[in-house]
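In terms of this note's numbering, the sequence shown opens at residue -1 and continues consecutively. We put the beta carbon where it would ideally sit given N, CA and C, even for glycine. Worksheet: one structure, shown below.
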Amino acid sequence: MIKDFITEEDLALFTSGSRFALAPVLLKEEMENTIATFDLLIRELPKTRNFFVFAGLEHVSEYLLHLRFNSRQLAWLKHSFNFSPEIMNYFKKFRFSGDMWAMPEGTLAFPNEPVIKITAPIMEAQIIEMFLINSVYLQTILASKIARFIHAANGKPAAIGFNRSYGTDAAMKSARINEIFGNTNSLALYHFKHGSHVFSAGTFHYLIMAFENEIDAFRAYLKHMKGKGYVLIDTYDSIRGIKNFIRVAKELERSGAKATGIQLDSGDLYKLSVTARTMLDDAGLSYIKIFAMGNLDEWKVEELEKKQAPIDVYAGVTELLTPSDAPTIELVYKLCELHSGNKIFPKMKTSAKKMSLPGRKQIFRLLKNGKYTQDVIGLENERIGGKRLLIPIIKRGKLVYRYPSAKQIRNHYQSEIKKFDHAIFSIHRQKKYRIQISSALKRLIKQTKFALRAVHHDTDLDI
């Protein structure tokens, strides 16, 4: 029996054993009431990215709200770590009791900006790290890549496959991201889970080859699909396939129905789309859509658009689900403050190239003449102006936020991108968006480093 499928109940153990092993350290040292604040952020942009699109918040929120251990998991913890009754009682009652602030999904984010801020008892805050990183990591990579694809297509519809994703969980998350962007996805399980209707994009080579000849395959498909879906015309010869499609489409017209479109999957997509459009129009089939695929990415799509290829829908799979140009992001979860009793201790990492920023922070996005000019990373109680990007999602373990629908996230994203310089969406050149650190945060950095020097007797700590 396969045991690597994960259920919602399993997620309580989606962390490393070392997180559980810390329980005696934190609880026996009476630190269970020490409140920690952690920032989830991306350190730097890949060379081929000018921005990130934040995604994954709803998964994180639902995980935190339902985090608890069942009897089988508790028995396993007892057996694996030989915890004392006191510690086992802690895990038996375990719930996330803290706060989460975050950017809304679909928000453009930049390096060193917290996309999620967690404030909770330190044991709770540290045990959730892996799930937070795992959920936001994949969905933000996918959202950032698909955003580029859509910009390259000049707003034309896109369809994204799922068969070449890294596993079933990645496929489900990619389906969600595509729904957010308004793209077509045909993953039946996703639609079943969400109570929506699955879209059938079109035919496959094996269906065409299963019939004695191509034209019979076209007839059968369009007859039973009532004209819906796209017909793949390049199983044998593309030009002959277009001719056969035209013949069957005209037959369908005479029966009172209409075909939807054709799929192009190989060869020179520009030349083939021009030829197909001409042949279709000459046959009085100007309403037929042309659906192009074939390992497309944003660069190939942009080139087709520059040539004004008569393509109506672009489909992407491999390069969107496993983006080879930027397959990773450095997403980290860093402690920035401890609150014990009446004392607050700002915390920061000072290692070269991996410095983190202390204190509870907010991101202020400044607007001038309808356009965003810069972001300021400041302290949460500062009055800087602009739009505060981090909003409350969970307070004291309770949800205080209404999850937006996929369409509402899409509307938020589309509204936001209109306020940025268009150059930031270029897929060919780097365009840096200005990020500033507030004067108050700069002072706190100096104060924190001074305190670290005093504690560690180290005069070499520097930015």
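Who are the near neighbours of residue i in its chain, counting only those whose CB is closer than 6 Å to its CB and skipping five residues on each side?
i, result
"Ile240", "Ile231, Ala274, Met277"
"Tyr411", "Gly104"
Once the 5 residues before and after residue i are set aside, which same chain residues still bring their CB inside 8 Å of it?
i, result
"Phe94", "Leu62, Leu63, Leu65, Ala118, Glu122, Ile126, Ile392, Gly395"
Between the Cα of residue i and the Cα atoms of the options, which residue gives the shortest distance?
i, options, result
"Met86", "Phe129, Gly104, Phe67, Val113", "Phe67"
"Asn211", "Lys269, Thr233, Ala19", "Thr233"
"Met170", "Phe147, Asn31, Ser133", "Ser133"
"Gln261", "Ala313, Ile0, Lys269", "Ala313"
"Gln71", "Ser338, Arg174, Glu7", "Glu7"
"Glu414", "Ala186, Ser142, Lys369", "Lys369"
"Leu388", "Ile361, Ile286, Val398", "Ile361"
"Phe3", "Ala168, Phe147, Ser142, Leu20", "Ala168"
"Leu450", "Phe343, Glu378, Ala350", "Phe343"
Taking 7 Å as the cut-off, decide whether the C-beta atoms of residue i and residue j are in contact.
i, j, result
"Val229", "Phe243", "yes"
"Ile425", "Glu296", "yes"
"Glu42", "Pro109", "yes"
"Met128", "Thr13", "yes"
"Lys345", "Leu333", "yes"
"Leu130", "Val58", "yes"
"Asn152", "Glu303", "yes"
"Asn181", "Ala215", "no"
"Gly259", "Lys287", "yes"
"Ile116", "Met98", "yes"
"Tyr401", "Glu56", "yes"
"Lys305", "Tyr268", "yes"
"Phe515", "Leu140", "For residue 515 there is no data in the structure shown, the boundaries of the chain being -1 and 461."
Evaluate residue i with the Cβ neighbour count: other Cβ atoms within 10 Å of its Cβ, from every protein chain shown; 16 or more gives buried, anything less gives exposed.
i, result
"Ile40", "buried"
"Glu335", "buried"
"Trp74", "exposed"
"Tyr462", "Beyond the ends of the chain as shown, which are -1 and 461, falls residue 462; an answer cannot be given."
"Lys298", "buried"
"Ser16", "exposed"
"Leu365", "exposed"
"Tyr204", "exposed"
From residue i to residue j, what does the alpha carbon distance come to, in whole angstroms?
i, j, result
"Val272", "Ser403", "38 Å"
"Ile461", "Glu380", "Note on Ile461: pLDDT 42, under 50, position unreliable in the model; the coordinate value appears next. Their backbone Cα atoms lie some 23 Å apart in a straight line."
"Ala218", "Phe289", "20 Å"
"Pro356", "Ile422", "29 Å"
"Arg47", "Ala247", "43 Å"
"Val315", "Tyr164", "12 Å"
"Lys359", "Pro321", "31 Å"
"Ser69", "Lys76", "11 Å"
"Asn409", "Pro102", "12 Å"
"Ser284", "Gly96", "58 Å"
Excluding five sequence neighbours on each side, which residues of the same chain lie with their C-beta closer than 7 Å to the C-beta of residue i?
i, result
"Gln137", "Ala53, Gly54, Lys171, Ile175"
"Ala255", "Lys224, Gly225"
"Lys154", "Asp310, Val311, Tyr312"
"Gly376", "Lys359, Gln360, Phe362, Ile382, Ser436, Ala438, Leu439"
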